[in-house]
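Under this note's numbering, the first residue of the sequence shown is numbered 201, with each subsequent residue one higher. So the structure is just underneath, and the comments pick up after that.
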Amino acid sequence: MLEPARRTSRLADGRGKRIDLADEARFLRSWLDKPLVTGAVSPSGKALARMMARYVDPTQPGMVLEIGPGTGPVTEALIERGVAPERLVLIEFNPEFVPLLERRFPGVTVVRGDAYSARQTLEGQLDKPLTATVSSLPLLTKPVRQRVQLLDDCFDMSRVGAPFIQFTYGLVPPIPREAIGLTTAAGSPRVWLNLPPARVWIYRRPA
């Protein structure tokens, strides 16, 4: 079910700068250097970022993990949604993007590391269960078993019922239903304003 939109003025005080055209160049350089790691030639659009953020409930206690934040469009949407920066933990692999995120979003914890080894990367960083995981990783570049392992690792660090949120440009779920057992998967409406159009998939592990 689509969560209601929430508005906040949190970014109005300068905590986070708007995404600019320089981010497009950064993303393109990163993609040209390592296309299988970056997975896209430009950052997620605002409509897609907001769609992803809508499935995070900021009233639920706990930390919110974002993996593959890039230059921060989804991070910005999460803060606009009402998630306090101090509750956000980001795993970013690209060393160029880490200081950019730290400057752009004061108070957010940015960890440079491999999200596919999330538990090891976050060792000592979490003092309470995750309330949501939001992923912009290019999952389709990895084998299905590795995608499922990532999903399980994030659920193991999360409270019961916490969503794992992932976007895809494809027509089918990025983690196949037949590979996830009892875990549920639901797709959002297609985000036609994104280029290319995308869909958000929400996974939950039942109690």
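Even for Gly, the Cβ is constructed at its ideal location relative to N, Cα and C.
Euclidean distance between Cα positions of Leu236 and Glu286:
The predicted model places Leu236 with a pLDDT of 47, which falls under 50 and marks its position as unreliable; any figure quoted below should be read in that light. Their Cα atoms are separated by approximately 30 Å.
What span of residues does the beta strand (DSSP E) with Thr331 cover, start to end?
330 to 335
Under 8 Å between C-beta atoms of Pro338 and Tyr403:
no
Could you check where the alpha helix (DSSP H) with Ala247 kicks off and where it finishes?
246 to 253
Tell me the DSSP secondary structure of Leu236 in three-state form.
A caution first: Leu236 carries a pLDDT of 47, below 50, which makes its placement in the model unreliable, though a value can still be read off. The answer is helix: DSSP assigns Leu236 an H, G or I state.
Which residue spans inside the stretch 339 to 371 form an unbroken alpha helix (DSSP H) run of at least 4?
344 to 356
Between which two residues does the alpha helix (DSSP H) holding Ile279 run?
273 to 281
Just to confirm my understanding: we take Arg347, look at its own chain, exclude 5 residues before and 5 after, and list those with CB closer than 6 Å. What are they?
Leu339, Ile375
Determine, using beta carbons only, whether Ile291 and Ala247 come nearer to each other than 8 Å.
no
Ala249 and Ala284 look like a contact to me (Cβ under 8 Å); what is the Cβ gap, rounded to whole Å?
Incorrect: roughly 18 Å between the Cβ atoms, too far for contact.
Quick one: give me the first and last residue of the beta strand (DSSP E) that Thr384 is part of.
384 to 387
So, for Ala262: in the same chain, excluding its five sequence neighbours on each side, which residues have a beta-carbon less than 7 Å away from its beta-carbon?
In the sequence under discussion, the amino acid at residue 262 is Gly, which differs from the Ala named in the question. Same-chain partners within the cutoff: Lys328, Pro329, Leu330, Thr331, Arg359.
Specify the secondary structure class of Val298 as computed by DSSP and reduced to three states.
helix
How many angstroms separate the CA atom of Ser242 from the CA atom of Leu326?
Bear in mind that the predicted position of Ser242 carries a pLDDT of just 48, short of 50, making it unreliable; the figure below should be weighed with that in mind. The straight-line gap from Cα to Cα measures roughly 30 Å.
In this structure, how does DSSP classify Glu323 when only helix, strand and coil are distinguished?
coil
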